[in-house]
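Quick note: the sequence shown uses the working numbering, first residue 1, plus one each step.
Even glycine gets a Cβ: it sits at the ideal position worked out from N, Cα and C.
Only one structure is covered here, and it is reproduced in the block below.
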Amino acid sequence: MKRLICFFLGAVLLICSAASAEQFPPQEPDRWGVNTHCYEFRPETDTPAPAGYKPVYLSHYGRHGSRTGMKVGDTYERVLSALEQAELTPEGDSLLSEVRQVASCHDGMDGRLTRVGEAEQHELGRRIYERYRPVFRNGSKRVRVELSTVPRSIVSGMCFVQTLTSLQPDLQFSFDTGEKFFAYINNTSSKPARAKITALRDSLNALTVSDGEEFCRRVFKDPAAGLSLIGDPDEFQHLVWKCAGEGKASGVQADMFRHLPESVVRKWWADEIRNLYLCHGNSLEYGAERMELAKPLIRVMMNQAQEALTKGTVCADLKFGHDYPLIATAGWFGLEGVGDRLGWKDLPDAWSDPMNIPFATNLQMVFYRNRKGDVLVKFVYNGRERHLRDLTAVSGPYYRWDEVLKRFLPEE
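Here it is, written out as structure tokens:
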């Protein structure tokens with residue numbers, strides 16, 4: 001009976017994922033990669049602040065830009081070996097060429113920031129400066145920067161800061177990285193929770209196992225021989241899906257997902273959404289445990305903001321890290337859309353916005369003050385103003401800072 005219930009729920013979820021996936025325009029196939037989707041620079045607009053309020057301070061947490069893959073085992077070697085041993089169709093030749101480019105960009109270095117990632121951070125620095133210019137021009141010129149110890153985050157921060165410096169040379173930066181900072185900048189989920197989530201994902205993924213026939217017909221001149229080369233066809237196609245998710249970040253101009261059956265692409269897209277949200281979002285099932293681990297970062301960001309507002313010695317705090325803490329932070333504040341409180345049965349369709357967690361995802365808390373000293377704050381996630389769960393705004397996306405402190409500052 002337990003297996004029958006699991007089968008039924010899984011089938012419903014897979015139907016939902018297919019319906020949701022239809023909303024993705026074909027000109028943006030990179031979106032199928034979820035957190036390996038390159039950043040989309042969209043038009044940005046700001047709701048005018050209430051009369052008399054001017055921007056005075058900014059707190060920024062940015063995920064590193066587009067990177068090479070995080071290779072697990074012999075992913076590239078297995079895909080390349082199978083393709084290189086066989087006679088390929090023209091489509092197979094294209095796939096082989098594209099996987100070679102992904103592997104070459106990786107060059108034995110997991111998670112290396114690519115040229116695409118550098119460009120993303122330069123453009124984000126420019127946009128944020130232009131959008132909140134008074135923060136940097138008025139008052140203190142000091143900017144405090146904290147970075148994850150991981151090279152792709154450090155290089156991302158340097159690119160961002162380089163752009164700010166070019167736009168305003170009199171800014172003064174202080175930099176810090178190390179184990180103390182990494183501990184809160186890169187908070188993640190617990191091993192017991194991940195084990196439970198992996199078991200759930202595995203049970204759902206087992207409901208739709210591809211036999212590989214369609215893929216082999218596309219790629220191999222002799223599909224039967226190709227099938228014997230790839231081993232487990234479901235696992236092999238998952239490896240190809242991973243390579244495809246790294247394509248655009250690695251400079252591949254073509255849509256690498258086109259080589260896989262649509263059902264396979266959707267399956268692993270849905271699985272990655274479940275993995276990211278259940279492990280790091282404020283889910284109904286695992287959120288309470290995950291939010292505990294997010295508290296140190298939230299506490300640092302909010303205390304630094306309060307210090308900057310009180311002392312006026314810092315105009316901005318910039319942090320550069322990773323995707324997992326950003327998902328958790330969005331869940332803590334209940335940021336509209338990305339931070340919604342959901343259960344596993346709601347996934348993937350209720351958390352399918354392609355701008356939930358792409359490369360270079362970024363969050364700003366932007367603070368405004370009037371002559372009386374009253375402070376408002378708004379939250380901007382990936383360029384879009386967001387409302388908070390369980391708190392009433394003063395006007396538009398603007399919230400009273402003292403109310404945000406009272407509601408969201410974690411206790412020591």
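Check                                                                                                                                                               : Outcome
Classify M158 as helix, strand or coil using the three-state DSSP reduction.                                                                                        : helix
DSSP three-state call for K406: helix, strand or coil?                                                                                                              : helix
Let me know the secondary structure DSSP gives T313 once reduced to three states.                                                                                   : coil
Ignoring anything shorter than 4 residues or poking outside the stretch 185-265, list the alpha helix (DSSP H) runs there in chain order.                           : 191-205, 213-219, 223-230 and 233-245
In terms of DSSP beta bridges, what is T177 paired with?                                                                                                            : L147
Report all residues from its chain with a CB closer than 6 Å to the CB of G111; omit the five preceding and five following residues, and keep chain order.          : R67, M70 and R152
Between the C-alpha atoms of V102 and F220, what's the straight-line distance to the nearest angstrom?                                                              : 20 Å
Using 8 Å as the Cβ pair cut-off and three pairs as the minimum, do the stretch 249-264 and the stretch 177-191 touch?                                              : no
Tell me which residues share the same chain as A350 and place their Cβ nearer than 6 Å to its Cβ, disregarding the 5 neighbours each side in the sequence.          : L342
Is it true that the CB of H322 sits closer than 8 Å to the CB of S81?                                                                                               : no
So what does DSSP say about Y53, is it helix, strand or coil?                                                                                                       : coil
Reducing DSSP to helix, strand and coil, say where V380 ends up.                                                                                                    : strand
Per DSSP, which one or two residues make a beta bridge with R389?                                                                                                   : According to DSSP, R389 bridges with nothing at all.
R42 lies in the beta strand (DSSP E); which residues open and close that run?                                                                                       : No beta strand (DSSP E) contains R42, which DSSP labels as neither H nor E.
Once the 5 residues before and after E131 are set aside, which same chain residues still bring their CB inside 6 Å of it?                                           : First, the residue type needs correcting, since residue 131 is Arg and not Glu in the sequence shown. Cβ within range, chain order: n/a, list empty.
To the nearest angstrom, how far is the alpha carbon of T47 from that of G251?                                                                                      : 36 Å
Tell me which residue opens and which closes the alpha helix (DSSP H) that Q364 is part of.                                                                         : Here Q364 belongs to no alpha helix (DSSP H); instead the beta strand (DSSP E) covers N362 to R369.
What separation, rounded to the nearest whole angstrom, lies between the Cα atoms of E385 and G339?                                                                 : 13 Å
V79 lies in the alpha helix (DSSP H); which residues open and close that run?                                                                                       : T75 to Q85
Bridge partners of L347, per DSSP?                                                                                                                                  : According to DSSP, which records beta bridges pairwise, L347 is partnered with nothing at all.
Quick one: what's got a C-beta closer than 8 Å to D222's C-beta in the same chain, skipping five residues either side?                                              : A86 and E87
Skipping 5 residues on each side, what residues in its chain have a beta carbon closer than 6 Å to that of L388?                                                    : F333 and G334
My output table needs one value for H64: the three-state DSSP class, helix, strand or coil.                                                                         : coil
Less than 6 Å between C-beta atoms, sequence neighbours within five positions excluded: which residues of the same chain meet that for P358?                        : H37 and Y39
Taking the continuous alpha helix (DSSP H) assigned at H122, which residues delimit it?                                                                             : R115 to R131
For P296, which residues of its own chain have a beta-carbon under 6 Å away from its beta-carbon, when the five flanking residues on both sides are left out?       : Y184
Identify every residue that forms a DSSP beta bridge with L58.                                                                                                      : A316 and V366
Whole angstroms are fine: how far does the CA of G117 sit from the CA of P354?                                                                                      : 17 Å
Tell me whether G321 sits in a helix, a strand or coil according to DSSP, three-state version.                                                                      : strand
Pick from G157, G396, P233 and V394: whose alpha carbon is nearest that of N362?                                                                                    : G157
Give me the Cα-Cα distance between K54 and N370, rounded to the nearest whole angstrom.                                                                             : 6 Å
Which residue's Cα is closest to the Cα of L207: F175, A193 and D271?                                                                                               : D271
Let me confirm a value: E235 is counted as buried when at least 16 other C-beta atoms fall within 10 Å, else exposed. Which label applies?                          : exposed
Nearest to V240 by alpha carbon, out of H60, L96, P410 and L405?                                                                                                    : L96
Counting along the chain, where does the alpha helix (DSSP H) carrying G92 start and finish?                                                                        : P90 to H106
Return the chain-ordered list of same chain residues with a C-beta closer than 7 Å to the C-beta of D255, the five sequence neighbours on each side being excluded. : P29
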